[in-house]
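The block underneath contains the structure these notes are about, expressed in structure tokens.
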């Protein structure tokens, strides 16, 4: 994976974090996305430590609006290229909640966010 740029969505825990770690171990430039800054930064730091790869970055995806017209899109557009995209972000909550955009959280994360 040397020289490849990999974007992993939902990379702050679980399968996304494990994939980011292994790809970073294999020498990829890994760009992790997460919805929460604190958890995302902690996961990024964990992946850097575990892999020994300093080329691990974090982009925040806080809402569909932010994905369409925010720093996330601008930062992703600055990447010279994306060789691999792992659409891992997903969510299932037992309690109903709404995002700041007014959508039910599970619906927004699983259905609206990937289409942005």
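Residue numbers (this note's numbering): 1234 to 1349.
Even for Gly, the Cβ is constructed at its ideal location relative to N, Cα and C.
Under 7 Å between C-beta atoms of residue i and residue j
i: residue 1257; j: residue 1264; result: no
i: residue 1243; j: residue 1307; result: no
i: residue 1334; j: residue 1238; result: no
i: residue 1310; j: residue 1266; result: no
Span of the beta strand (DSSP E) around residue i
i: residue 1334; result: Segment: none, residue 1334 is in no beta strand (DSSP E) and carries neither H nor E.
i: residue 1291; result: 1289-1293
Alpha-carbon to alpha-carbon, residue j and residue i
i: residue 1271; j: residue 1246; result: 12 Å
i: residue 1234; j: residue 1339; result: 33 Å
i: residue 1288; j: residue 1343; result: 28 Å
Counted within 10 angstroms of its Cβ, other Cβ atoms place residue i as buried (16 or more) or exposed
i: residue 1236; result: exposed
Go through the stretch 1240-1285 residue by residue and report every complete run of the beta strand (DSSP E) that reaches 3 residues or more, in order.
-> 1262-1267
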